[in-house]
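Colleague:
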Amino acid sequence: MPNVVGIRFKSGGKVYHFDAGQIVLAPGDFCVVETARGHEYGEVVSKPREIDAGCCRAPLKNVVRVATQEDNERVVANQRFEQEAFVIAQEKIASHALPMKLVGAEVAFDGAKILFYFTADARVDFRELVKDLAYAFRTRIELRQIGVRDEAKMIGGLGSCGRVLCCTSFLADFAPVSIKMAKEQHLSLNPAKISGLCGRLMCCLRYESHTPEVLAALATDNRCKCEGCHGGSSVQTQSQD
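Each residue of the sequence shown is one higher than the last, beginning at 303 in our numbering.
1) Count Cβ pairs between the stretch 482-492 and the stretch 441-450 that sit closer than 8 Å; are there 3 or more?
2) I need the boundaries of the beta strand (DSSP E) containing residue 442, first residue and last residue.
3) If we call anything under 7 Å between Cβ atoms a contact, is residue 418 one with residue 445?
4) May I ask you to report which of helix, strand or coil DSSP gives residue 310?
5) For the beta strand (DSSP E) that residue 403 lies in, which residues bound it at each end?
6) My guess is that residue 361 and residue 305 are in contact by the Cβ rule of under 8 Å, so how many angstroms apart are they, rounded?
7) Can you name the residues that DSSP bridges to residue 318?
8) With a cut-off of 8 Å, do at least 3 Cβ pairs link the stretch 369-386 to the stretch 400-416?
9) Cα separation between residue 376 and residue 327?
10) Spatial neighbours of residue 390 within its chain, please: CB distance less than 7 Å, with the 5 preceding and 5 following residues excluded, ordered by chain position.
11) Do residue 317 and residue 329 come within 7 Å of each other at the CB atom, strictly closer than that value?
12) Classify residue 321: buried if its beta carbon has 16 or more other beta carbons within 10 angstroms, exposed otherwise.
13) Distance, Cα to Cα, residue 534 vs residue 520?
14) Which partner residues does residue 342 have in the DSSP bridge list?
15) Can you list, in chain order, the residues of its chain with a C-beta nearer than 7 Å to that of residue 366? Leave out the 5 residues immediately preceding and following it.
16) Under the assumption that residue 403 contacts residue 420 (Cβ atoms under 8 Å), give the Cβ distance between them as a whole number of angstroms.
17) Within a Cβ cutoff of 6 Å, which residues of the same chain sit near residue 498, ignoring the five residues on either side of it in sequence?
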């Protein structure tokens with residue numbers, strides 16, 4: 303039976319499951335795992351548990367090892383390199399006069415690839431930019447266009463509530479949010495008050511979107527069932543001659 307453990311690669315990112323085998327892990331540990339992109343470094347976020355192999359939709363990748371001091375030092379070095387790569391990429395984008403905004407840079411654990419995230423209003427022809435970046439860094443380069451909500455998730459910040467953005471701290475996926483949710487909660491429809499830093503409707507509007515329905519159901523269930531009573535105390539009046 304696979305000894306399954308949950309691993310997260312980024313803060314607020316998705317949790318992926320791997321087979322820990324005989325490796326002893328606990329939440330908060332860091333480890334190196336096998337992925338389709340090669341070896342990756344992640345944090346254990348759930349206790350290992352044995353499950354039936356038939357419950358897995360696909361064969362699980364394996365945990366390679368508990369992170370060593372060398373692995374930790376490599377991650378720190380990659381993070382420093384990401385900052386340098388970000389600055390160089392910005393200069394290259396400016397030299398090519400491309401209508402795109404660089405959001406972040408991500409160096410693979412083994413250094414075999416650098417992934418740059420950017421936003422743009424339309425499709426961008428960045429083929430020459432990729433060539434320049436590949437020549438500058440002597441490694442594989444990938445550029446990925448993302449949306450404004452993903453941009454806010456990567457950059458982070460504080461919401462109008464004064465807390466760290468939900469998407470940065472714990473939301474792994476973006477669920478659909480509609481203006482109807484704000485109306486049902488009798489909130490102000492002023493865009494400045496119901497929009498997040500990304501300019502889209504705040505994700506937290508969804509948290510209580512079903513509350514009016516639940517309260518209405520509870521009120522219906524708790525109505526008085528007395529004969530002649532219509533959901534509340536009946537008032538009888540007596541006419542005077």
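We treat Cβ as the ideally placed atom computed from N, Cα and C, and that holds for glycine.
Modeller: Walking through what the data contain:
1) Because the criterion of three Cβ pairs below 8 Å is not met, the stretch 482-492 and the stretch 441-450 do not touch.
2) Element bounds for residue 442: 442-447.
3) Yes; because the gap between Cβ atoms is below 7 Å, this pair is in contact.
4) Three-state result, residue 310: strand.
5) 403-409 is the extent of the beta strand (DSSP E) around residue 403.
6) About 14 Å separates the Cβ atoms of residue 361 and residue 305, ruling out a contact at the 8 Å cut-off.
7) Residue 318 is bridged by DSSP to 309.
8) They touch, by the three-pair rule.
9) Whole-angstrom Cα-Cα distance: 21 Å.
10) Leaving aside the five residues that flank residue 390 on each side, the residues in its chain whose CB is nearer than 7 Å to its CB run, in chain order, 438.
11) Cβ distance not < 7 Å, so residue 329 and residue 317 don't count as in contact.
12) Looking at its Cβ environment, which holds 16 or more other Cβ atoms inside 10 Å, residue 321 is buried.
13) Residue confidence is low: residue 534 scores 47 on pLDDT, short of 50, so the model does not pin down where it sits. No coordinate-derived value is stated.
14) DSSP lists 335 as partners of residue 342.
15) Closer than 7 Å at the Cβ level, and outside the excluded window around residue 366, lie 334, 335, 336, 341.
16) Rounded, the Cβ-Cβ distance is 6 Å, consistent with contact.
17) Excluding the 5 residues flanking it on each side, residue 498 has same chain C-beta neighbours closer than 6 Å at 504, in chain order.
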